[in-house]
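Sequence order for the protein chains is H and F. So the mapping is simple: the working numbering equals the position in the first sequence, first residue as 1, plus 177. So the mapping is simple: the working numbering equals the position in the second sequence, first residue as 1, plus 265. Even for Gly, the Cβ is constructed at its ideal location relative to N, Cα and C. Predicted model only: the values in this text are computed from it and were never measured.
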Amino acid sequence: MSILIDADTRILVQGFTGRQGSFHAERMLEYGSRVIGGVTPGKGGQEVLGLPVWNSVAEAVAEQAVDASIIFVPARFAADAIMEAADAGIGLICCITEHIPVHDMIKVRAYVTMKGSRLLGANCPGVISPGKSKMGIMPNQLFSPGTTGIVSRSGTLTYEVADALSQLGVGQSSVVGIGGDPIQGTNFIDVLKMFAGDPDTERVVMIGEIGGTAEQTAAEYLKAHHPNLPVFGFIAGVSAPPGKRMGHAGAIVSGGGGTSAADKINMFRNMGLPVADHAEQLAEIVKASLEDRD
Amino acid sequence: MNLHEYQTKSLLEREGIPVPQGAVAMTPDGARQIAIDFGSMVAVKAQVLTGGRGKAGGIRLAGNPDEAEDAAAHILGMDIKGHKVQRVLVEQAAHIKAELYLAALIDRTSQQIMVMASSEGGMEIEEVAAHSPDKIRRIYADPFMGIRSYQCTRLAREIELPVALWPAFHRLVSKLHAALIKHDADLLEINPLIINHSDQLVALDGKMTLDDNALYRQPEFGSELGSEDQHPTEVEALNAGLNFVYLGGNVACLANGAGLAMATMDAVKYYGGDPANFLDLGGGSSVEQVTQAVRIMVRDPGVRALLVNVAGGITRCDEVAEGMAAAMDEIETRIPFVVRLVGTNEAEAHRILEPYDVEFASRFSEAAKRVVELAREGAA
Numbered sequence: 178m179s180i181l182i183d184a185d186t187r188i189l190v191q192g193f194t195g196r197q198g199s200f201h202a203e204r205m206l207e208y209g210s211r212v213i214g215g216v217t218p219g220k221g222g223q224e225v226l227g228l229p230v231w232n233s234v235a236e237a238v239a240e241q242a243v244d245a246s247i248i249f250v251p252a253r254f255a256a257d258a259i260m261e262a263a264d265a266g267i268g269l270i271c272c273i274t275e276h277i278p279v280h281d282m283i284k285v286r287a288y289v290t291m292k293g294s295r296l297l298g299a300n301c302p303g304v305i306s307p308g309k310s311k312m313g314i315m316p317n318q319l320f321s322p323g324t325t326g327i328v329s330r331s332g333t334l335t336y337e338v339a340d341a342l343s344q345l346g347v348g349q350s351s352v353v354g355i356g357g358d359p360i361q362g363t364n365f366i367d368v369l370k371m372f373a374g375d376p377d378t379e380r381v382v383m384i385g386e387i388g389g390t391a392e393q394t395a396a397e398y399l400k401a402h403h404p405n406l407p408v409f410g411f412i413a414g415v416s417a418p419p420g421k422r423m424g425h426a427g428a429i430v431s432g433g434g435g436t437s438a439a440d441k442i443n444m445f446r447n448m449g450l451p452v453a454d455h456a457e458q459l460a461e462i463v464k465a466s467l468e469d470r471d
Numbered sequence: 266m267n268l269h270e271y272q273t274k275s276l277l278e279r280e281g282i283p284v285p286q287g288a289v290a291m292t293p294d295g296a297r298q299i300a301i302d303f304g305s306m307v308a309v310k311a312q313v314l315t316g317g318r319g320k321a322g323g324i325r326l327a328g329n330p331d332e333a334e335d336a337a338a339h340i341l342g343m344d345i346k347g348h349k350v351q352r353v354l355v356e357q358a359a360h361i362k363a364e365l366y367l368a369a370l371i372d373r374t375s376q377q378i379m380v381m382a383s384s385e386g387g388m389e390i391e392e393v394a395a396h397s398p399d400k401i402r403r404i405y406a407d408p409f410m411g412i413r414s415y416q417c418t419r420l421a422r423e424i425e426l427p428v429a430l431w432p433a434f435h436r437l438v439s440k441l442h443a444a445l446i447k448h449d450a451d452l453l454e455i456n457p458l459i460i461n462h463s464d465q466l467v468a469l470d471g472k473m474t475l476d477d478n479a480l481y482r483q484p485e486f487g488s489e490l491g492s493e494d495q496h497p498t499e500v501e502a503l504n505a506g507l508n509f510v511y512l513g514g515n516v517a518c519l520a521n522g523a524g525l526a527m528a529t530m531d532a533v534k535y536y537g538g539d540p541a542n543f544l545d546l547g548g549g550s551s552v553e554q555v556t557q558a559v560r561i562m563v564r565d566p567g568v569r570a571l572l573v574n575v576a577g578g579i580t581r582c583d584e585v586a587e588g589m590a591a592a593m594d595e596i597e598t599r600i601p602f603v604v605r606l607v608g609t610n611e612a613e614a615h616r617i618l619e620p621y622d623v624e625f626a627s628r629f630s631e632a633a634k635r636v637v638e639l640a641r642e643g644a645a
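Here it is, written out as structure tokens:
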């Protein structure tokens with residue numbers, strides 16, 4: 178098992194004919210994902226990678242079964258693309274696009290929830306269930322199948338951690354990037370809940386960063402609901418100065434406490450959750466915990 | 266992007282929120298003229314994008330035009346937490362009966378717009394949160410319905426506002442909420458919101474942060490990207506499409522992705538170095554952007570060593586290598602480079618950099634450790 182996607186998930190690509198959309202659709206196909214085609218308004222009837230292009234999501238779902246949609250549409254049109262997918266009844270919508278205005282996302286998030294769909298992102302690398310399917314932009318070769326779940330606010334840092342785990346022989350059940358924006362369709366708790374309910378996920382690696390207090394809320398949730406699920410943490414930004422936005426729109430140490438890396442790390446440790454001192458060490462402590470068990 | 270007090274207030278005024286009469290001066294004589302026009306006591310306030318102006322002596326009261334000129338002469342050019350004062354706002358001084366706090370902002374926890382109010386205005390809201398959290402009251406705007414009237418009533422009651430002011434407070438809260446959305450702001454804060462001698466609610470200070478992602482549809486401020494208040498290198502990097510934050514240490518760091526860029530700085534710090542900057546190339550960056558990034562970093566006189574840490578995904582390692590090579594061809598530098606390029610087209614990247622004097626590292630911590638050593642040697 179895995180969470181969010183598996184080998185049978187039928188995936189639609191919105192923004193299919195664009196540079197990013199077609200490039201990553203091809204990488205997804207190489208990985209074995211069941212990409213069924215894509216949408217680009219005005220280009221319906223064409224073919225890309227031997228797959229159909231539709232003018233709208235509604236046209237696509239009228240012709241074929243679609244379980245999930247991945248969005249590569251430019252920021253100015255991405256909010257609309259998310260709502261289009263939700264209106265067409267697609268259950269899982271993954272938005273890769275970065276730089277969507279935050280006020281648009283507040284409305285979109287509420288809209289998608291009302292329609293009963295799940296949104297992942299925006300501004301996220303997507304999800305991969307190694308050996309089964311990938312709906313995202315992560316490099317294919319760094320992941321290996323296994324029983325460790327990863328949930329993260331960061332893209333490339335997740336690749337690093339997955340790669341380090343794979344090299345130590347620790348495979349992954351699913352790897353989920355929830356994105357670095359202040360407004361998120363799916364948060365840490367949503368993913369932790371899914372991992373806790375997944376029989377093939379035995380432990381979880383959680384990668385957080387400065388800004389907001391989502392990591393603390395997640396730690397409290399774990400303590401209250403899944404005290405026996407082994408969770409290993411890393412928080413990026415120990416060296417980040419206050420008041421400066423570090424790349425991600427959400428990554429800023431702001432007043433009021435709790436948003437700095439040190440605050441988050443202390444909170445994790447106080448709850449008995451192991452936290453790595455630096456990124457590479459994260460894989461090592463996961464590996465060490467497996468050896469202790471043997 | 267942060268707006269100055271005078272920009273925020275002119276915007277509030279346009280939205281129908283009462284503010285004191287005021288004007289901006291860039292010279293002491295300008296301040297004098299404004300004080301003459303008002304013919305009353307004025308407040309002369311430094312316009313800088315940082316807190317703690319009052320404590321730093323950046324706000325002065327003046328009883329007549331001579332005093333206003335003196336005050337401006339004193340404040341203009343002042344350095345407040347690294348921000349040089351270039352403008353003062355000269356305002357009619359207000360008679361204050363009470364100081365409140367009111368703000369509308371994007372709240373991550375509720376994933377909605379939150380309106381926050383307090384009877385304890387005039388100090389940083391973080392201080393209030395620390396010593397009397399019960400004094401901060403909150404309501405949340407439904408994404409589709411907005412703020413409802415009963416919520417404003419509750420908020421007014423909870424901050425113990427006199428009943429006579431409730432209708433004005435309702436109007437103020439709805440205007441603030443509307444302005445936050447209309448201008449694509451992350452934060453719109455009035456602190457203090459005062460009750461003046463004629464029992465009116467007036468915004469005595471204002472702070473506003475705009476969503477950088479929406480500047481394209483905010484033509485009034487969109488052209489001001491990279492304000493005068495930012496470090497010049499940050500503005501240059503911004504124009505090159507790089508996420509750069511100047512930190513002033515001895516190890517320059519270049520990575521792709523915000524999380525990895527931060528983790529790279531953290532590892533440098535962990536091994537005893539001091540990061541000179543945060544630099545996120547972003548996804549799918551071009552050769553020219555990499556060249557520009559290297560140029561910016563090696564120019565920093567405090568830098569003793571440089572670390573490149575790239576996890577190729579969308580970003581191709583060979584393009585990063587080409588960008589670095591172009592920069593090294595052009596710049597004479599004795600700063601040692603430690604390079605870790607893994608992922609997409611990694612082998613090609615190593616081939617490109619082979620002729621150059623760079624050290625390769627394969628592991629993250631090995632790279633961080635080595636660059637810190639080199640920075641130490643460089644400093645000795």
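Just to confirm my understanding: we take residue i, look at its own chain, exclude 5 residues before and 5 after, and list those with CB closer than 7 Å. What are they?
i	result
K440/F	E280, G281, I282
S384/F	L365, K400, I424, E425
V285/H	A256, I259, M260
Checking contacts by CB at 7 Å: is residue i closer than that to chain F?
i	result
S199/H	no
P278/H	yes
G410/H	no
A413/H	yes
T333/H	yes
P251/H	no
E316/H	Looking at the sequence itself, residue 316/H is Pro, so the reference to Glu does not match. It does: the Cβ of P316/H has a partner Cβ on chain F nearer than 7 Å.
Name the DSSP bridge partner or partners of residue i?
i	result
C272/H	I248/H, G298/H
H448/F	According to DSSP, which records beta bridges pairwise, H448/F is partnered with nothing at all.
Y511/F	N542/F
T325/H	Q349/H, R380/H
N461/F	I361/F
W231/H	V216/H
G414/H	G414/H is not bridged to any residue.
Y405/F	M379/F
G313/H	G303/H
Using a Cβ-Cβ cut-off of 7 Å, state whether residue i counts as contacting chain H.
i	result
A532/F	yes
Y366/F	no
R599/F	no
R402/F	no
I561/F	no
A517/F	no
P540/F	yes
F625/F	no
G347/F	no
Tell me which residue opens and which closes the alpha helix (DSSP H) that residue i is part of.
i	result
L314/F	That residue, L314/F, is in no alpha helix (DSSP H); it is neither H nor E in DSSP.
G588/F	582-595
R560/F	552-564
V289/H	279-292
V533/F	523-535
E278/F	270-279
I360/H	It is not in any alpha helix (DSSP H) - I360/H carries neither H nor E in the DSSP assignment.
F320/H	Element bounds for F320/H: n/a, residue is neither H nor E.
Ordered along the chain, which non-local residues of its own chain (more than five positions away) have a Cβ less than 6 Å from that of residue i?
i	result
R403/F	M379, M381
K292/H	A263
F625/F	V604
K311/H	M205, Y208, S210, I305
H462/F	H360
R352/F	V289, M291, Q312
E553/F	none
How close, in whole Å, do the beta carbons of residue i and residue j come, if the pair is a contact with beta carbons under 8 Å?
i	j	result
G348/H	G326/H	Contact doesn't hold; Cβ gap of about 11 Å is too wide.
P408/F	A287/H	4 Å
V732/F	V533/F	A question about residue 732/F goes unanswered here, because the residues of chain F that appear run from 266 up to 645.
A586/F	A632/F	Contact flag wrong, Cβ pair sits at about 15 Å.
I384/H	R330/H	7 Å
What span of residues does the beta strand (DSSP E) with residue i cover, start to end?
i	result
S383/F	377-383
E425/F	Segment: none, E425/F is in no beta strand (DSSP E) and carries neither H nor E.
Apart from the five residues just before and just after residue i, which ones in its own chain have a Cβ nearer than 8 Å to its Cβ?
i	result
S551/F	E584, G588
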